[in-house]
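Chain order of the listed sequences is A and B. With our numbering applied, the first sequence has no gaps in its numbers, which climb one by one up to 227 at the end. With our numbering applied, the second sequence has no gaps in its numbers, which climb one by one up to 1227 at the end.
Number of protein chains: 2
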Amino acid sequence: MTAPSTKASPPAAGRRRKNDPESVRADILAVATREFSEKGLSGARIDEIAEKTRASKRMIYYYFNDKETLYLHTLEAAYQKVRLQEAELDLDHLAPLEALSRLVRFTFCHHAKNPDFIRLVMIENIHHGRFLAQSELIQSLNAGVIDALTNVYARGLEVGCFREGLDPRELHWLISALSFFNVSNQHTFSRIFDWQQAAPENQRKLEDHVTEMVLRYVGTDATLSQS
Amino acid sequence: MTAPSTKASPPAAGRRRKNDPESVRADILAVATREFSEKGLSGARIDEIAEKTRASKRMIYYYFNDKETLYLHTLEAAYQKVRLQEAELDLDHLAPLEALSRLVRFTFCHHAKNPDFIRLVMIENIHHGRFLAQSELIQSLNAGVIDALTNVYARGLEVGCFREGLDPRELHWLISALSFFNVSNQHTFSRIFDWQQAAPENQRKLEDHVTEMVLRYVGTDATLSQS
DNA sequence: TCAACAATGTACGAAATGGTACGTTCAGTC
DNA sequence: GACTGAACGTACCATTTCGTACATTGTTGA
C-alpha cells in the first residue's frame, strides 16, 4: 500500500523533491478507505478526509473528481488488494479435501483480518451495487476464485471424496456467506446474544465449525474425519 | 403496522376528527423505515421523510426528538415485527428433524421477504451496533429464538438424529449467516458473478441448499434422507 | 534559461440539512 | 362557553458540506 514514491523517469533514490503526486494520491486513497469503510459514502466527509491527509482538499478533487469517484476508486483498490492475496495460495498441489479446507480457512481468516474490505462491500450493497456496476475493473478481477473452486471440485469428484451435483458458484456462495457474516454482523450478534464473538477462542471455534460445515456439505457419506 | 386510528376514551367508530396522533406517528415511522433502510442513517434526509409523510417536519421533531432517536425507534419497530412473526411458528409438535428444517426455511424466507429489516441491521452494524446497545427493548426480545433451538436440539439428541457437542447459539449463527447473506450481499454477488441470485428458481435452490447444509451439519451419519 | 504544464495552497460560494421559534387549531374539562 | 394542553403548520436560522476560483510553486524539456 505504501507506494515507493518514485517516478518513472529519474528514480534516483536519495534525491529530495517536493512534488510527489503518486504518494499523495496513495495517501488520499488510504485515508478515504478508512473513512468510507467506517462511515459509509454519505457519512464520510470530504473535509475530514482532507484533514487526515498530508494533502489538502484541493488535491482530492484534483486526483479524483468528486466524492463518488473517490469512493469508486476506494472500492476498486479494496477488491484489487483482496485478489492479490487470494492469488498467492495455490491449491493445485494439495489433495482435494485439503485444498477445499485450506480455501475455506483462508477465506474465513482473510475476511476476519480485513474488516475494512467487508464494510466497504456492505456499504456497496446498501447502495445496491450501483458503483460496482460501473467498474469494469472489479468485474474482471473475480473470475479466478470460481475457477479455483471448479478445479478443486472436479478433482474431488474424480477421487470420489466429493458428492456429485454441486455448483462451484454455489459452493463459493456458501463459503463467502459464512466468512462474510462473521465480520459483517459481529456487532449486532454479539450484543443481542451477549456473546463475545470477536474473542480469539470463539473465532477459532467458528473457523472450525465453518470449515466442517462446508466439508460436510460437499463430502460423500464416507468423508467425515478431517479438520 | 397501520394503527386503527382510535383513541383511548371514545373510540366511536364513524366519528370524524382531525387530530389523529397515533396514526401520524405510525405514518412517520413507516416512512422513516423505508428511508433509513434505503439510505442509511446519514444518507436519509429528515426533509425527505417529512415530504413523504402526511405530516410535516415539525411533527417528526414533535414525536421523535431528533434524527437519531427516530432511527432508533425505526430499528426497534423492525425487530419487534420480526419477533412477532417468529413467535407464530410453533415447533414443539414436530419431529426434531422436521422442526429444524422448518425453522431454517422459515428464517430463509422471512429474511428474503423483509429486505428492509436486513438492510436496517446492516446499517446498524456499520454503526457498530451503537444504537442497538442503547435499546433495552431489543435486547429483551431476542431470547426466544435460542430457546426454541435449544429445545429442538435437545429433543433431536434424545431421539438420536442429531449429533452431540453442538451449541444452539452457534447453530443459530449458522442459520442466520446463510439467510442473512442471501439478502445482504445479493447485489454485489449477483453483479460480480453474473448470476441472477434473486430469480425465484435460484432462490428456491438456495433455500434447499441452505436447509440441507444445516441438516447435514447437525445430522448424525445416518441422517441424510430429508429435504 | 525559460516556457509550459503539473502539482499544490487558500479562500470562498451555494445549496443542503438538522433543528427551532412562534403562532394556530383541535378536543376534552369545568 | 371559556380555558388548557395536546397536536399541528409555516417560516426561519445556523451550520455543515460539496465543490470551485484563483493564485502560487515545482518540474521538465527545448
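Glycine included, every Cβ here is placed at the ideal spot set by N, Cα and C.
At the 8 angstroms Cβ level, is R1083 (chain B) part of the contact set with chain A, yes or no? On the second sequence, residue 1083 (chain B) is found 83 positions in, with the first residue counted as 1. So no, R1083 (chain B) is outside the interface.
Host alpha helix (DSSP H) of L1132 (chain B) (start-end): Position 132 of the second sequence, counting from 1, holds the residue named residue 1132 (chain B). Segment R1130 to Q1134, the alpha helix (DSSP H) holding L1132 (chain B).
Going by CA-CA distance only, name the one from A:R58, A:G40 and A:N142 that's closest to V82 (chain A). If you number the first sequence from 1, residue 82 (chain A) lands on position 82. Ranked by Cα distance from V82 (chain A), the options A:R58, A:G40 and A:N142 are led by A:N142.
What are the boundary residues of the alpha helix (DSSP H) that T211 (chain A) is part of? Residue numbering aside, residue 211 (chain A) sits at position 211 when the first sequence is read from its first letter. From DSSP, the alpha helix (DSSP H) with T211 (chain A) extends over P200 to V218.
Stretch pair the stretch 36–44 of chain A + the stretch 1037–1045 of chain B: three plus CB contacts closer than 8 angstroms: Yes, the stretch 36–44 of chain A touches the stretch 1037–1045 of chain B.
Strictly under 8 angstroms for the Cβ-Cβ distance: is M122 (chain A) near chain B by that measure? Here residue 122 (chain A) refers to the residue found at position 122 of the first sequence. Closer than 8 angstroms to the CB of M122 (chain A) there is at least one CB belonging to chain B.
For L1132 (chain B), which residues in the same chain have their Cβ closer than 6 angstroms to its Cβ, ignoring the five residues on either side in sequence? Residue mapping note: residue 1132 (chain B) aligns to position 132 of the second sequence, counting from 1. Within the same chain, L1132 (chain B) has close Cβ partners E1124 and I1138.
Using a C-beta to C-beta distance shorter than 7 angstroms, which residues of chain A count as neighbours of T1188 (chain B)? Taking the first residue of the second sequence as position 1, residue 1188 (chain B) is located at position 188. Within 7 angstroms Cβ-Cβ: V121, E124, N125, G129 and L132.
Judging by CA-CA distance, which residue of B:N1182, B:T1188 and B:S1023 is the nearest neighbour of H1111 (chain B)? As a first step, residue 1111 (chain B) is located in the second sequence; it is residue number 111 there, counting from the start. Out of B:N1182, B:T1188 and B:S1023, the CA that lies nearest to the CA of H1111 (chain B) is found in B:N1182.
Nearest to R155 (chain A) (by Cα), restricted to the options A:E68, A:R105, A:N19 and A:L91: Working through the first sequence from its first residue, we reach residue 155 (chain A) at position 155. Comparing Cα positions, the closest option is A:L91.
Starting from S1023 (chain B), find everything on chain A with Cβ-Cβ shorter than 8 angstroms and list it in chain order. The count along the second sequence starts at 1 and reaches residue 1023 (chain B) at position 23. The contacting residues do not exist; S1023 (chain B) stays about 30 angstroms from chain A at best.
Using 8 angstroms as the threshold, is the C-beta distance between V1104 (chain B) and V1218 (chain B) below it? Reading the second sequence from its first residue, position 104 is the one you call residue 1104 (chain B). Reading the second sequence from its first residue, position 218 is the one you call residue 1218 (chain B). Contact flag unset, no.
What number of angstroms, rounded off, separates the C-alpha of V24 (chain A) from the C-alpha of T188 (chain A)? Stepping through the first sequence from its first residue, residue 24 (chain A) is reached at position 24. Stepping through the first sequence from its first residue, residue 188 (chain A) is reached at position 188. Taking the straight line joining both Cα atoms gives about 37 angstroms.
Give me whichever residues DSSP pairs with F162 (chain A) in a beta bridge. On the first sequence, residue 162 (chain A) is found 162 positions in, with the first residue counted as 1. F162 (chain A) is bridged by DSSP to A:G219.
For N1114 (chain B), go through chain A and note every residue whose CB falls closer than 8 angstroms to its CB, in chain order. Here residue 1114 (chain B) is taken as the residue at index 114 of the second sequence, counted from 1. None at all; the shortest Cβ gap to chain A is about 15 angstroms.
Who are the Cβ neighbours of A1177 (chain B) in its own chain at under 6 angstroms, not counting the five residues just before and after it? Locating residue 1177 (chain B) in the second sequence gives position 177, counting from the first residue. The answer is none, since no qualifying residue turns up.
Name the residues in the stretch 137–170 of chain A whose C-beta lies less than 8 angstroms from a C-beta of chain B; which are they? Of all residues in the stretch 137–170 of chain A, I138, Q139, N142, I146, R169 and E170 have a Cβ within less than 8 angstroms of some Cβ in chain B.
How close, in whole Å, do the beta carbons of T33 (chain A) and D116 (chain A) come, if the pair is a contact with beta carbons under 8 angstroms? One-based indexing of the first sequence puts residue 33 (chain A) at position 33. One-based indexing of the first sequence puts residue 116 (chain A) at position 116. Yes, T33 (chain A) and D116 (chain A) are in contact; Cβ-Cβ is about 6 angstroms, under 8 angstroms.
Can you find a C-beta in chain B that's less than 8 angstroms from the C-beta of E89 (chain A)? Here residue 89 (chain A) refers to the residue found at position 89 of the first sequence. Checking the sequence shown, residue 89 (chain A) turns out to be Leu, not Glu. Closer than 8 angstroms: no.
Would you call the CB atoms of R1102 (chain B) and L1089 (chain B) closer than 8 angstroms? Locating residue 1102 (chain B) in the second sequence gives position 102, counting from the first residue. Locating residue 1089 (chain B) in the second sequence gives position 89, counting from the first residue. Taking 8 angstroms as the Cβ cut-off, R1102 (chain B) and L1089 (chain B) qualify as a contacting pair.
Indicate whether the contact test is met: 3 or more Cβ pairs, each with one atom in the stretch 1065–1074 of chain B and one in the stretch 1148–1162 of chain B, closer than 8 angstroms. Flag = no, the stretch 1065–1074 of chain B and the stretch 1148–1162 of chain B do not touch.
Chain-ordered residues of the stretch 1056–1068 of chain B with a beta carbon less than 8 angstroms from chain A: Interface annotation for the stretch 1056–1068 of chain B against chain A: empty, criterion Cβ-Cβ distance under 8 angstroms.
In terms of residue numbering, what span does the alpha helix (DSSP H) encompassing L1178 (chain B) cover? Translated into positions along the second sequence, residue 1178 (chain B) becomes position 178. For L1178 (chain B), the uninterrupted alpha helix (DSSP H) run begins and ends at P1168 to S1184, by DSSP.
Taking Cβ positions only, does L180 (chain A) come closer than 8 angstroms to chain B? Here residue 180 (chain A) corresponds to residue number 180 of the first sequence, with the count starting at 1. Checking the sequence, you will find Phe at residue 180 (chain A) rather than Leu. Judged by the 8 angstroms Cβ criterion, F180 (chain A) is in contact with chain B.
Report the residues of the stretch 29–52 of chain A with a CB closer than 8 angstroms to any CB of chain B, ordered along the chain. Residues of the stretch 29–52 of chain A whose Cβ lies closer than 8 angstroms to any Cβ of chain B, in chain order: K39, G40, L41, S42 and G43.
Of the residues that make up the stretch 1190–1204 of chain B, which ones have a beta carbon closer than 7 angstroms to any beta carbon in chain A? Cβ contacts with chain A come from R1191, I1192, F1193 and W1195.
List, in chain order, every chain A residue whose beta-carbon is nearer than 8 angstroms to that of Y1071 (chain B). Against the second sequence, residue 1071 (chain B) aligns to sequence position 71. Listed along chain A, no residue sits closer than 8 angstroms to Y1071 (chain B) by beta-carbon distance, the nearest being about 13 angstroms off.
R1054 (chain B) versus chain A: which residues are under 9 angstroms apart at the beta carbon? Residue mapping note: residue 1054 (chain B) aligns to position 54 of the second sequence, counting from 1. In chain order: nothing, as chain A lies at least about 26 angstroms away.
Can you give the beta carbon distance from G1160 (chain B) to T1220 (chain B), rounded, assuming they're within the 8 angstroms contact cut? Here residue 1160 (chain B) corresponds to residue number 160 of the second sequence, with the count starting at 1. Here residue 1220 (chain B) corresponds to residue number 220 of the second sequence, with the count starting at 1. Distance from G1160 (chain B) to T1220 (chain B) at the Cβ level is roughly 7 angstroms; contact confirmed, criterion being Cβ atoms closer than 8 angstroms.
Buried or exposed for H172 (chain A), please, with buried defined as at least 16 other CB atoms from any protein chain shown within 10 angstroms of its CB. Here residue 172 (chain A) is taken as the residue at index 172 of the first sequence, counted from 1. Note on H172 (chain A): 16 or more other CB atoms within 10 angstroms of its CB, so buried under the neighbour-count rule.
Partner residues on chain A for N1019 (chain B), Cβ-Cβ distance less than 9 angstroms: Numbered from its first residue, the second sequence carries residue 1019 (chain B) at position 19. Those do not exist, as N1019 (chain B) stays about 35 angstroms from chain A at its closest Cβ, beyond 9 angstroms.
Residues in the same chain with beta-carbon distance under 8 angstroms from S56 (chain A), minus the five sequence neighbours each way, listed in chain order, please. The residue given as residue 56 (chain A) occupies position 56 in the first sequence. Taking S56 (chain A) as the centre and dropping the five residues before and after it, the same chain places the C-beta of A50 closer than 8 angstroms to its C-beta, in chain order.
Measure from the alpha carbon of M59 (chain A) to the alpha carbon of each residue in A:L94, A:H93 and A:E22, then state which is nearest. Counting from 1 along the first sequence, the entry for residue 59 (chain A) is found at position 59. The shortest C-alpha separation from M59 (chain A) is found at A:E22.
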